[in-house]
Structure formats: structure tokens, C-alpha cells
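Everything on this sheet refers to the single structure shown next.
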Amino acid sequence: MNTPIETGPAGSGQVVDRVRDGMRGIGVGSVAIDVVPLGERRGLPPVGEEWSMAVARALAEGRPIIITIDGPAGTGKTAVAQRLAKRLGLSILDTGAMYRAAALVAIEQGIGIGEPGRIVDAVSRCGLRVEFGDDPPTIHASGRDVSDRIREHDVTQLVAPVSAIVPLRDLMISMQRQIATEHPRLVTEGRDQGTEVFPYAAVKFFLTASSEVRALRRAAQIKKKTGVTPNLEELRKEIEIRDEIDRNKPRGALKPAVDSIIVDTSRMDEDAVVGELQKLAMAAVAAMLDGRKQRA
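For the sequence shown, the numbering used here gives the first residue as 16, with consecutive numbering after it.
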């Protein structure tokens, strides 16, 4: 059962203290962080040399630093994950982009959703890869950078049913775990990272927000990119349909891990979310190292 914790300038320290206490022994219970007013901005907490030393120590002890951020579309996962990774000096993996690339491959090769075997075969042969040399990392398929193309509407419409194909998920999970072996300091965001892909992650976050807020955010993104103001009600319905598909997938269903920290971003600005996740992630890694020391 999720325990609400108030946030805000006066309560932010209490959040860290209480969650840190719950993390001792490495276990992290599900925590629902209450909202702060939209537009309220707080300075981000410093990282400091202590964090760098903790990461180095964890890796020296053979403990990868994997931070998972799951949740439905429109909760701010991608932007928050990128900023969190940069602040903590970790690599970033957008697994949703991998599934979008798979949907694009199906579109460009004229393969219908009723032919899942052909889709999996095409994706396995398309040279799908993440280029970590770029900032942020780019996604490549069929010999080219498709990072912008996969954000277009036709791909968005197809990605949910494509990502529900079980053999495709198996392929993607294998690729994502291989990426983590090559980049053991990693913030990875998607829908099943904490439940299916990295159940051993150092800390797991699950972001959520109302469908109305998520539709507003998506509309702002579309208007900024295209200059067109989309229909909010249509966007909201699309989001809710996508949620229903994601929640009922036979594999990788959209749900928080039992040990995830649940953050409602409906009325939180990006700085507030990044700041809270940074503090909680640093506390989780400290708890992980303390737990190892106590058992030694």
C-alpha cells in the first residue's frame, strides 16, 4: 500500500529522511509522493564528490548503478530521465524509443500488426541500436538515425500494439540487458524497466499523472513542434486507450514494481521532479552500500 508523503520546500528534507529510513537493508517500499503547486521552482540539490565516490565504490564491488523510471506516456519520464542521468553522471536509455523504432520498421516495410512474426524478424534484422556517443543518445534503425521520425503520429498510433508482441519484448529485453552490461551506470526509462528488465535495480521510480494533464503536455509538445494546436479530448482518449493496452499486455504490463517509489507529477514542474528523484536515488545507493557493508 502506498504511503503519501508531503513534499514542498518545508517537507523535502522529510521525504529524504523517511524514505532513506525505509531503504535501509536495501529494501525500498512503494511511496506516493504528494504534489507541489505547478510552477513552483526549487533549486536542484548539489551532487558532490560523495556521490562520485559512492558510484565508483559500487562498481568496484560489482554492483551496477541501475535507476529505472517507469510510467505511462506524458508523465515526463523522458525529460526527467535525461536530466537526472546528466546530473548524476550516468548513461541514459530511452527504451520507449526502441519500441517506436520497431513500429517504424513495420510501417516502412509494410508489415501489418496481424503479422507479429514478420515484425519480429524485420526488427531483428534492421540493425537497431542506441548511439551513446550522441547527447542525448540517438536511436538508429535500417542504417539511419530515426530519433525524430519515431515521434511522428503514425508511429505513436502503432507503438502500443507492436510493443505488446511477446517475442518482440523478449528481443528488446535481451538488448536492454546487454546495454546495461556495457553501461553499468544507467538511468533507464520505459514501462517495464523495474518489473521485467531490471528487477535488481538500485532504485525504481514510477511516474504517474492524470490523463487530462498528460494530454495538455502532449498538446504543448505537438504545438511547439508543428505549430498546430491538437484536439485535447482526442489526445486524452488516445492516452487512455494506450494506457488500457499497456496495462493488459501479457508481458511487460504497465504497473509499478512492488518496491518502486511512485511519484505523481500532475502538479509538479520538471525541476521539482528531478530534484526529488535525485535525492531519493542518492539515498538508495547509499542504502545499498550500507546494506552490503553490514552484511560483510
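Backbone N, C-alpha and C fix where the C-beta goes; we use that ideal spot for every residue, glycine too.
How big is the Cα-Cα spacing for Ser162 and Val145?
10 Å
Rounded to whole angstroms, what's the CA-CA distance from Ala301 to Val202? Just pull it up for me.
17 Å
What residue range is occupied by the uninterrupted beta strand (DSSP E) comprising Ile12?
In the structure displayed, the chain extends from 16 to 311; residue 12 sits before or after that span and is not available.
To which residues does DSSP link Val377 through a beta bridge?
With the chain represented from 16 up to 311, any question about residue 377 goes unanswered, as that position is not in the structure.
Out of Pro176, Arg184, Ala216, Leu183, state which residue places its alpha-carbon closest to the alpha-carbon of Ala195.
Ala216
Inspect the beta-carbon positions of Ser106 and His198 and report whether they are closer than 7 Å.
yes
Do you know how far the Cα of Phe213 is from the Cα of Leu304?
18 Å
Mapping the DSSP letters down to three states, classify Glu204 as helix, strand or coil.
strand
Output the distance between the C-alpha atoms of Ala224 and Ser281, rounded to the nearest integer angstrom.
5 Å
Leu14 by DSSP, collapsed to three states: which one?
What the structure shows of the chain is the stretch from 16 to 311, and residue 14 is not part of that stretch, so it cannot be assessed.
Leu183 versus Ser226 - alpha carbon distance
27 Å
Quick one: grab the DSSP three-state call for Lys101.
helix
Which complete beta strand (DSSP E) runs does the stretch 159-213 hold, if anything under 3 residues is left out?
200-205
With distances taken Cα to Cα, identify the nearest neighbour of Lys92 among Ala75, Gly158, Ser139, Glu285.
Glu285
Can you tell me whether Glu259 is buried or exposed? The criterion is at least 16 other CB atoms within 10 Å of its CB, across all chains shown.
exposed
Of the choices Arg262, Arg229, Lys240, whose alpha-carbon is the least far from that of Glu249?
Arg229
What's the C-alpha gap between Glu130 and Ile180?
10 Å
What three-state label does DSSP hand Leu108 in the structure shown?
strand
Of the choices Leu103, Tyr114, Val278, whose alpha-carbon is the least far from that of Ile188?
Tyr114
CA-to-CA distance, Leu222 to Val51, given in whole angstroms
Any reading at Val51 must be qualified, since the residue scores a pLDDT of 37, below 50, and its modelled position is unreliable; the value itself is stated next. Answer to the nearest angstrom: the Cα atoms are 14 Å apart.
If you reduce the DSSP assignment to three classes, tell me which class Val228 lands in.
helix
Label Gly290 either buried or exposed according to how many other C-beta atoms from any shown protein chain fall within 10 Å of its C-beta, with 16 as the threshold for buried.
buried
Could you give the DSSP three-state label for Lys270: helix, strand or coil?
coil
Report the partner residues of Glu223 according to the DSSP bridge assignment.
For the sequence presented, residue 223 should be read as Thr rather than Glu. Asp279.
Which residue marks the beginning of the alpha helix (DSSP H) containing Pro131, and which one marks its end?
131-140
Give me the Cα-Cα distance between Leu74 and Arg251, rounded to the nearest whole angstrom.
43 Å
Taking only the alpha-carbon atoms, compute the straight-line gap between Gln172 and Val95 and give it to the nearest angstrom.
23 Å
Whole-Å CB distance - Ile165 paired with Ala235, under 8 Å assumed:
Not really, about 19 Å apart at Cβ, beyond 8 Å.
How big is the Cα-Cα spacing for Glu64 and Ala100?
16 Å
Give me, in chain order, the residues of the same chain whose beta-carbon lies closer than 6 Å to that of Lys264; leave out the 5 immediate sequence neighbours on both sides.
Ala179
Could you tell me if the beta carbon of Thr110 falls within a distance shorter than 6 Å of some heavy atom in the ligand FMN?
Looking for the ligand FMN in the displayed structure turns up nothing, as the structure carries no ligands at all.
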